[in-house]
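Taking our numbering, I'd label the letters of the sequence shown as residues 148 to 482. From the three backbone atoms N, C-alpha and C, an ideal C-beta is built for every residue, glycine too. Structure, as structure tokens:
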Amino acid sequence: MPPKISLTRYLVEQQRMDGHIPPELRLLLEVVARACKSISQAVNKGALGGVLGTAGSENVQGEIQKKLDIIANEVLIEANEWGGHLAAMASEEMDGIYLVPNRYPQGEYLLLFDPLDGSSNIDVNVSIGTIFSVLKKPDDRAGVEEQDFMQAGNRQVAAGYCVYGPQTMLVLTVGDGVAMFTLDREQGSFVLTAENVRIPEDTSEFAINMSNMRHWDVPVKRYIDECLQGREGPRGKDFNMRWIASMVSDVHRILIRGGVFMYPWDNREPKKAGKLRLMYEANPMSWLVEQAGGVASNGKQRILDIQPTKLHERVSVILGSKNEVDRVTGYHAKL
Ligand code: AHG
Ligand code: MN
Ligand code: MN
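Here you go:
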């Protein structure tokens, strides 16, 4: 049996390769992974740890916060604020940016996260996750402000997620493909279990919340309608559908066996670009998908090229197997 490669060893080797990742970024990613281990512990305890249920508060986006949303947010902040590698953090669960307190040294990285993705699945024991994205402060100026976070996803230096499912897995890119690590609970470490992940270009599986069908735009309706017609329709084959309602789990499945995931704009709230958040969800997932040979678009534009204008910006998301995403964006172009 070949030796097990831990996340630490993987990162050290990435660091050695042509300056792929600097030591401070390696430290940052190790700390994020450690925080994910703690969150995984809390998730695993469930009712025994008193972590289920709502917290009785709302986040800045008007969503009811679950206890685990808040616990995961605190774990990530506490783990990351003292290491000296970060300048500031931003989270789906916090109104503004979180500056590293003065008593700690300041680094040059910015960390963004969705501490707990798939909140509606917490209390029903279905897979949930943590999504993270790392940017670099744009210049050497002292101090940091919200404007420093307004960088397109193509400027990310690392991105990934941790899925708390039957196995806890950390999935990561530093721009050199996608690697997957499985948590070995006896050893307490993440072990490399898949490398150079590739998303098949073709698929017969889609993921979308079908209950919103009547609210969708014409191109999305057309695409799903053609899938539903199966072998008798224009696509000439049957399609399967999956919707876990945790983006982390839906994207994880797509990275492993292909598929197309969509949370498109819909006319329930026409002024909102979409439901999912650009900086905490769409950007990190889009980079992972692209690094695995897939495509990520808002229908009209590559997600990674969108210039954000605010921290909690939302976006329409279509991502996954190349040929299917190209088809959906092609339908948008014909509109
Ligand atoms: P979060 O729990 O961080 O708010 O994100 C939930 C997101 C995403 O993970 C998932 O794909 C989608 O919301 C599910 O939405 P619906 O409940 O509308 O299907
Ligand atoms: Mn989320
Ligand atoms: Mn969340």
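Give me the Cα-Cα distance between residue i and residue j, rounded to the nearest whole angstrom.
{"i": "E342", "j": "C309", "result": "16 Å"}
{"i": "G193", "j": "V247", "result": "30 Å"}
{"i": "M432", "j": "A306", "result": "8 Å"}
{"i": "P381", "j": "L339", "result": "42 Å"}
{"i": "S393", "j": "L154", "result": "24 Å"}
{"i": "I224", "j": "A480", "result": "42 Å"}
{"i": "V472", "j": "Y478", "result": "10 Å"}
{"i": "A439", "j": "R400", "result": "13 Å"}
{"i": "K151", "j": "Y157", "result": "10 Å"}
{"i": "S444", "j": "V291", "result": "30 Å"}
{"i": "L257", "j": "E373", "result": "42 Å"}
{"i": "D349", "j": "V475", "result": "13 Å"}
{"i": "L186", "j": "D216", "result": "A quick correction: the sequence has Ile, not Leu, at residue 186. Taking the straight line from one Cα to the other gives about 10 Å."}
{"i": "V462", "j": "Q208", "result": "14 Å"}
What are the partner residues of residue i, as DSSP defines its beta bridges?
{"i": "V256", "result": "Note that residue 256 corresponds to Tyr in the displayed sequence, not to Val. Answer is L233, K283, bridged to Y256."}
{"i": "G203", "result": "Answer is none; G203 lacks a bridge partner."}
{"i": "A341", "result": "M327"}
{"i": "S433", "result": "Answer by DSSP bridge pairing: none, since S433 is not bridged."}
{"i": "I278", "result": "D261, Y308"}
Where do the N-terminal and C-terminal ends of the beta strand (DSSP E) with residue i fall, by residue?
{"i": "Y311", "result": "305-311"}
{"i": "D331", "result": "326-331"}
{"i": "T315", "result": "315-320"}
{"i": "Q212", "result": "211-213"}
{"i": "M409", "result": "407-410"}
{"i": "L175", "result": "First-last for L175: 170-192, but that is the alpha helix (DSSP H), not the beta strand (DSSP E)."}
What distance in whole Å lies between the Cβ atoms of residue j and residue i, which are believed to be in contact at a cut-off of 8 Å?
{"i": "E240", "j": "N206", "result": "5 Å"}
{"i": "L458", "j": "M409", "result": "Contact doesn't hold; Cβ gap of about 24 Å is too wide."}
{"i": "A429", "j": "L317", "result": "Not really, about 20 Å apart at Cβ, beyond 8 Å."}
{"i": "V325", "j": "L435", "result": "6 Å"}
{"i": "P313", "j": "V367", "result": "Not confirmed; about 31 Å, so no contact."}
{"i": "G421", "j": "V464", "result": "6 Å"}
{"i": "I275", "j": "V365", "result": "About 33 Å; that fails the 8 Å criterion."}
Could you tell me the boundaries of the alpha helix (DSSP H) in which residue i lies?
{"i": "M394", "result": "394-404"}
{"i": "E373", "result": "365-375"}
{"i": "V527", "result": "In the structure as shown, the chain begins at 148 and stops at 482. Residue 527 is therefore absent and cannot be evaluated."}
{"i": "S358", "result": "Unbroken run through S358: none, as it is neither H nor E."}
{"i": "S351", "result": "Taken as a continuous stretch (DSSP letters only), S351 belongs to no alpha helix (DSSP H), as it is neither H nor E."}
Strictly under 8 Å for the Cβ-Cβ distance: is residue i near chain D by that measure?
{"i": "G209", "result": "Absent from the structure is chain D; it holds one protein chain and no more."}
query = Are there three or more Cβ pairs, one per stretch, closer than 8 Å when the segment 343-356 is compared with the segment 383-390?
reply = yes
inquiry  = With three or more beta-carbon pairs closer than 8 Å as the criterion, would you say the segment 448-467 touches the segment 324-332?
reply    = no
message = Assess contact between the segment 415-423 and the segment 288-306, defined as three or more Cβ pairs (one per stretch) separated by less than 8 Å. Is contact present?
response = no
message = Under 8 Å, with one C-beta from each stretch per pair, do the segment 253-273 and the segment 231-239 reach the 3-pair mark?
response = yes
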